[in-house]
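Q:
2 protein chains.
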Amino acid sequence: MMSSRKLLASELGWSAEQRRFVGTARVASLGTASAAARPHVVPICFVLSANTLYSVIDSKPKRLAAENLRRLRNIVENSQVAVLVDRYSEDWERLAYVLLRGRASLAHAGEARRAIRLLRQKYSQYRRMPLTGRPIIKILLTSAYAWGAF
Amino acid sequence: MMSSRKLLASELGWSAEQRRFVGTARVASLGTASAAARPHVVPICFVLSANTLYSVIDSKPKRLAAENLRRLRNIVENSQVAVLVDRYSEDWERLAYVLLRGRASLAHAGEARRAIRLLRQKYSQYRRMPLTGRPIIKILLTSAYAWGAF
Chain L
1 MMSSRKLLAS
11 ELGWSAEQRR
21 FVGTARVASL
31 GTASAAARPH
41 VVPICFVLSA
51 NTLYSVIDSK
61 PKRLAAENLR
71 RLRNIVENSQ
81 VAVLVDRYSE
91 DWERLAYVLL
101 RGRASLAHAG
111 EARRAIRLLR
121 QKYSQYRRMP
131 LTGRPIIKIL
141 LTSAYAWGAF
Chain Z
1 MMSSRKLLAS
11 ELGWSAEQRR
21 FVGTARVASL
31 GTASAAARPH
41 VVPICFVLSA
51 NTLYSVIDSK
61 PKRLAAENLR
71 RLRNIVENSQ
81 VAVLVDRYSE
91 DWERLAYVLL
101 RGRASLAHAG
111 EARRAIRLLR
121 QKYSQYRRMP
131 LTGRPIIKIL
141 LTSAYAWGAF
């Protein structure tokens with residue numbers, strides 16, 4: 001289990017540049033696993049606040065499919081998650097990624113409202129989307145690993 | 001365990017367009033999990049051949065870090081993997097992804113040589129990189145799930 005003490009940014013072991021790389025990324029890949037260790041990966045929009053990531057289960061175009069909700073079921077079964085922020089380039093000298101690890105849970109009322117505000121600051125697309133009452137995934141980051149051109 | 005029978009393309013349940021989306025993608029996110037269900041995600045270059053994905057543990061710039069090899073350890077412990085191919089766009093009507101599931105293992109000699117040929121056809125970057133003897137991850141796809149604008 002994770003300690004409830006908040007980690008300082010520096011304790012995550014990433015540089016200011018790596019933190020900016022994550023904070024400004026528009027999309028990440030959220031890796032979860034069922035209790036039976038079956039992995040699952042979905043793209044997420046997210047916002048970084050101190051050492052916490054927030055992501056909302058929104059109603060993006062098309063449909064909110066059952067498959068898309070597996071992340072929630074996995075998080076209930078197993079709070080360990082991995083979040084990948086990746087930069088691909090045809091110039092492989094410029095490849096870079098940051099892999100974050102953390103513990104996921106659902107944010108409660110007050111924190112969820114704050115997360116929605118932050119998500120709307122970052123993504124103008126969310127400003128015209130009803131988000132109140134939608135599940136907000138909260139990820140307390142426990143480690144950051146960076147690779148490549150920083 | 002997976003049956004050794006090969007799935008026909010149509011049995012994976014994806015359209016020609018979704019298959020092309022995956023086949024032409026330059027990068028994907030490989031999700032693995034340890035036996036203890038700890039998830040891990042890394043970006044991979046890969047090639048799609050029939051219903052098999054191949055990816056090489058190469059020596060891209062910088063270093064081949066221990067962290068980067070966790071995918072191999074996880075695959076030995078737990079062959080279940082997920083592969084995400086994602087298209088992000090600021091126009092959220094254009095968002096799309098395909099989530100593939102499969103069983104991973106290491107390719108053996110003859111198959112590994114063929115995989116290297118295919119990877120070099122797809123990625124010119126690999127043509128000037130020594131790959132012989134590098135571990136080749138082989139993923140037999142068992143399902144495809146597509147979401148978004150196809």
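Taken in order, these protein sequences are the chains called L and Z.
Numbered by this note's numbering, the letters in the first sequence go through residues 1 to 150 in order.
Numbered by this note's numbering, the letters in the second sequence go through residues 1 to 150 in order.
Where is the CB? At the ideal position from N, CA and C, for every residue including glycine.
All figures in this text were calculated on a predicted structure; none of them were measured in a lab.
(1) Is it buried or exposed, residue 15 of chain Z, if we count other Cβ atoms within 10 angstroms and call 16 or more buried?
(2) Using only CA atoms, which one of Z:121, Z:74, Z:52 and Z:92 lies nearest to residue 22 of chain Z?
(3) Cutting at 8 angstroms between CB atoms, please list the residues of its own chain near residue 111 of chain Z, excluding the five before and the five after it.
(4) What would DSSP say about residue 118 of chain Z, mapped onto helix, strand or coil?
(5) For the beta strand (DSSP E) that contains residue 141 of chain Z, what are its first and last residues?
(6) Leaving out five residues before and five after residue 41 of chain L in sequence, what residues of the same chain have Cβ atoms less than 6 angstroms from its Cβ?
(7) Of all the options L:148, L:124, L:132 and L:144, which has the alpha carbon lying nearest to the alpha carbon of residue 45 of chain L?
(8) Residues of chain Z with CB closer than 7 angstroms to the CB of residue 40 of chain L, please, in chain order.
(9) Judging by CA-CA distance, which residue of L:13, L:12, L:11 and L:146 is the nearest neighbour of residue 87 of chain L?
(10) Less than 8 angstroms between the CB atoms is what I'm expecting for residue 118 of chain Z and residue 47 of chain Z, so what's the real figure, rounded?
(11) Nearest to residue 116 of chain Z by alpha carbon, out of Z:17, Z:71, Z:148 and Z:56?
(12) Mind listing which residues of the region 127-145 of chain L have their C-beta closer than 7 angstroms to chain Z's C-betas, in chain order?
(13) Run through chain Z and tell me which residues come within less than 7 angstroms of residue 50 of chain L, C-beta to C-beta.
(14) Can you list, in chain order, the residues of its chain whose CB lies under 8 angstroms from that of residue 121 of chain Z, leaving out five sequence neighbours each side?
(15) Measure the alpha-carbon distance for residue 13 of chain L versus residue 13 of chain Z and round it to whole angstroms.
(16) Taking only beta-carbon atoms, is residue 111 of chain L less than 9 angstroms away from chain Z?
(17) Quick check on DSSP: helix, strand or coil for residue 38 of chain L?
(18) Below 7 angstroms between beta carbons is the criterion; list the residues of the region 97-122 of chain Z that meet it against any residue of chain L, in chain order.
(19) Tell me which residues share the same chain as residue 78 of chain L and place their Cβ nearer than 8 angstroms to its Cβ, disregarding the 5 neighbours each side in the sequence.
(20) To the nearest whole angstrom, what separates the beta carbons of residue 25 of chain Z and residue 93 of chain Z, a pair I think is in contact under 8 angstroms?
A: Per the coordinate set shown:
(1) exposed
(2) Z:52
(3) 136 and 138
(4) helix
(5) 136-148
(6) 29 and 31
(7) L:124
(8) 31 and 82
(9) L:146
(10) 4 angstroms
(11) Z:56
(12) 145
(13) Here the premise fails: no neighbours, minimum Cβ distance about 22 angstroms.
(14) 47
(15) 42 angstroms
(16) no
(17) coil
(18) 97 and 99
(19) 32, 33, 34 and 35
(20) Actually they do not touch by this definition, with Cβ atoms about 20 angstroms apart.
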